[in-house]
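Going down the list, the sequences are from chains A and B.
All letters in the first sequence, in the order written, are residues 69 to 171 by my numbering.
All letters in the second sequence, in the order written, are residues 4 to 506 by my numbering.
Note that CB positions come from ideal geometry on N, CA and C, so glycine has one too.
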Amino acid sequence: MTGLFGWFGRDPEGGRDAALQRMLQADPRPPAGASPSPRAPAVAPLAATGARSRQITVDGAHLAIVGHPRWIDGGTRSADLHALARALCDGAAGGRLRAGSVG
Amino acid sequence: MWDERSGRGLLAVDRIGVNSLFYGSTTGALVFASTLDLLRGHPDVRTELSDQGLYDYLYFHVCAGPQTVFRGLERLPAGHWIEFNAATASAPRPYWTMRFAPDHSRRLPALEAEFVALLGDAVQELAADAPSVGAFLSGGTDSSTVTGMLGRTTGAPPRTFSIGFDVPGFDEMEYARVAARHFGCEHHEYYVTPGDVVDAVPKIAAWYDQPFGNASAVPTYYCARMAHEHGVERMLAGDGGDELFGGNERYAKQHLFGLYQRVPSALRRGLIEPLVMALPAEPGLAPLRKLRRYVEQARPPMPQRYQTYNLLDYLGRSNVFAPQFLAGVDQGHPLALLIDGHKPYADASLIDQMLAIDLRFVLADGDLPKVTQMCAMAGVDVAFPMLDDRLVAFSATLTAAQKLRGTQLRWFFKHALRDFLPPAVLTKQKHGFGLPVGAWLAGHKPLLDLAGDSITGLRQRGIVQPRFLDELFSARLREHASFFGNMIWVLMMLGIWLESRRL
């Protein structure tokens, strides 16, 4: 099964690595294909599993993605996740995420 | 997404609800995951079944978001996002909503040319980055269109996969074959049997992370599995066309009910309804029976009218549920969800009101989880060209009459593709991969036994009345297998799912 998971805020007792593993193992469906290792940024644990998920880090922005997202800006469309990461980052940081900006 | 530079994070889900994202709060944390199972694995997330969630499931036959079957755990609505920073998380907010903006000024030829081009672009984009692509082909307008566009954009024979049933009235394979021949497909077929259903149902029910009662999951799974066995890595599905372009049969029926609402209310309430409702419940004369039934179904306003056929209402909630269970839930909650979903569109045309409701309650809560999860179970990826953002935006500019002309469904869609789709597909009645649930429950003992075994646990839980279950499996099933078979199916899937999660 492809998926993403994590949390923001206080880590549970027992530590974050153990909690991430426990979340991963709680899903009874086997990962689809080779599963990338869950990676967690320093502050907000964020992980992905399954061959059809992707996890990238761009300029300090950590993204976990499932699906076929497109970044749309005016007449420009892109499936490039790095462009999506930068754009989301700019939008979220500035509170400027607006209708129609995420494909 | 978590942005270390700004100390802000973002949870977001696609516009239509192709994917799911669930979340819940613990002491000091917001936990999120793309499945409820992953979410429930967090050590601090409490797992407690929600009676309201169970009630809503039995009403809708799927779990209607944003609530889930677990108390305190919610699904992020389609087109919504949550932003969080070091101190707080926002409530879910929409970054996109469907906004109908009918454009009466555009000429039909230009509209049609744009539509066909957008269809091609959408299919091409989703086919381009997958090494091996196939298409579901039911023989309906959407799957046939996607199939044809797949062939046109790739320049190769589309690989198509179809499911049939050896049951009169349910088998649409002939239409799939017509489309396959028309577009020169490399076509594959499989006939699902009742034995297949018995084999697959326990696995399918357990695959979902909350109860899922849409029986079409079974043929969808077998179709996706067949594609996987033939080396396909991504399937293209036609879902969404009905909800964007006006293709569901009930739209035509609701149009007829809508005509009644055009009669001045003083006349309806002061004269017609008192007279008609004074008739016996089952008048002897057929025209009077029809008249009474029509007025009964047509007089509620939208969106209440949309649930006229709800099984729970027909069966009577107090007959179905255990009294204590019923006392602990808000029986009006499903309708409140519908009203909430309908409210922003109350002033839209009737067809747009229905499309808005169906985008949420049929597509996001039902059909998309059906296809995405069954493809995941079969080991193939799936994408939905009809839900391409450009096509969605385009559909919103069509006028009401271009979607539903009288009782003629998806008028514009069919007109635009009149020279592209085979005539038999253009004129056929909609059906899809609908499973003959009632016929097989009534005629295949192993399936009935599976259903009976599956609900054994439900008898002890105090949710439904054991007397109702007995009646459902005997008199009701004999009385109308296809109608009441659906309720057996929904209960069976619930029973198996509860056992699978040891809840």
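DSSP places A:Gly82 outside both helix and strand once states are collapsed to three, so it counts as coil.
Per DSSP, B:Tyr225 is one residue of the alpha helix (DSSP H) stretching across 220 to 232.
The continuous beta strand (DSSP E) containing B:Glu189 extends over residues 189 to 195. By the rule that beta-carbons nearer than 7 angstroms mark a contact, A:Gly142 does not touch chain B.
Secondary structure of B:Asp40 (DSSP, three-state): helix.
According to the DSSP assignment, B:Met280 belongs to the alpha helix (DSSP H) that extends over 276 to 280. In the three-state scheme derived from DSSP, where H, G and I count as helix and E and B as strand, B:Asp59 is classed as helix. In this structure, the beta-carbon distance from B:Ala240 to B:Val374 falls below 7 angstroms. Residue B:Asn251 holds the alpha-carbon nearest to the alpha-carbon of B:Ala359 among B:Asn251, B:Ala220, B:Val72. In this model, B:Glu77 and B:Arg43 are separated by some 12 angstroms (Cα to Cα).
When beta bridges are read from the DSSP output, B:Phe25 appears opposite B:Ala36, B:Arg78. Along the segment 36 to 66 of chain B, the positions whose C-beta sits under 8 angstroms from a C-beta of chain A are Ala36, Ser37, Thr38, Asp40, Leu41, Leu42, Arg43, Gly44, His45, Pro46, Asp47, read in chain order. Using a Cβ-Cβ cut-off of 7 angstroms, A:Pro80 counts as an interface residue toward chain B, since at least one Cβ of chain B sits closer than that to its own. Taking 7 angstroms as the threshold, the shortest C-beta distance from B:Phe87 to chain A falls below it. Under the rule that a run must span 3 or more residues, the beta strand (DSSP E) segments found entirely inside the segment 89 to 154 of chain B read 136 to 139. Residues of the segment 14 to 27 of chain B whose Cβ lies closer than 7 angstroms to any Cβ of chain A, in chain order: Ala15, Asp17, Val21, Asn22. Following the DSSP letters along the chain, one finds B:Ser165 inside the beta strand (DSSP E) bounded by residues 162 to 168. The straight-line gap separating the alpha-carbon atoms of B:Gly187 and B:Ala125 is approximately 21 angstroms. Here B:His233 is exposed: its Cβ has fewer than 16 other Cβ atoms, across all protein chains shown, within 10 Å. For B:Ile342, same chain residues with a beta-carbon under 7 angstroms away, outside a window of 5 residues either side, are Pro306 in chain order. Shown here for A:Phe76: same chain residues with a beta carbon closer than 7 angstroms to its own, the five before and five after excluded, namely Ala112 in chain order. Near chain A, meaning a CB-to-CB distance below 9 angstroms, the residues of the segment 204 to 217 of chain B are Ala209, Trp210, Asp212.
Its Cα nearest to that of B:Val235, the residue B:Cys378 stands out among B:Arg11, B:Ser398, B:Cys378, B:Gly460.
Residue state for B:Glu86 is assigned as strand, using DSSP reduced to three classes. For A:His130, the uninterrupted beta strand (DSSP E) run begins and ends at 129 to 134, by DSSP. Non-local C-beta neighbours of B:Asp245 in its own chain, meaning closer than 6 angstroms and more than five positions away in sequence, comprise Asn251, ordered along the chain. Cβ-Cβ distances below 7 angstroms link B:His185 to Pro425 in the same chain, with the five nearest sequence neighbours on each side left out; the list follows chain order. The beta-carbon separation of A:Ile124 and A:Leu131, rounded to 5 angstroms, stays under the 8 angstroms limit for a contact. B:Asn22 sits buried, since 16 or more C-beta atoms from the chains shown fall within 10 Å of its C-beta. The residue among B:Phe87, B:Arg74, B:Met101 with its C-alpha nearest the C-alpha of B:Ala81 is B:Met101. Nearest Cα to B:Lys256 within the set B:Phe397, B:Gly409, B:Gln463, B:Thr459: B:Gly409. Nothing from the segment 423 to 447 of chain B brings a Cβ to less than 8 angstroms from some Cβ of chain A. Distance from the CA of B:Pro290 to the CA of B:Thr430, rounded to the nearest whole angstrom, comes to 29 angstroms.
Pairing B:Ala138 with B:Val181, the inter-Cα distance amounts to about 15 angstroms. Of the candidates B:Gly27, B:Thr38, B:Asp59, the residue whose Cα lies closest to the Cα of B:Val48 is B:Gly27.
Counting only residues of its own chain and dropping the five nearest sequence neighbours on each side, B:Ser352 has a CB closer than 7 angstroms to the CB of Ala403.
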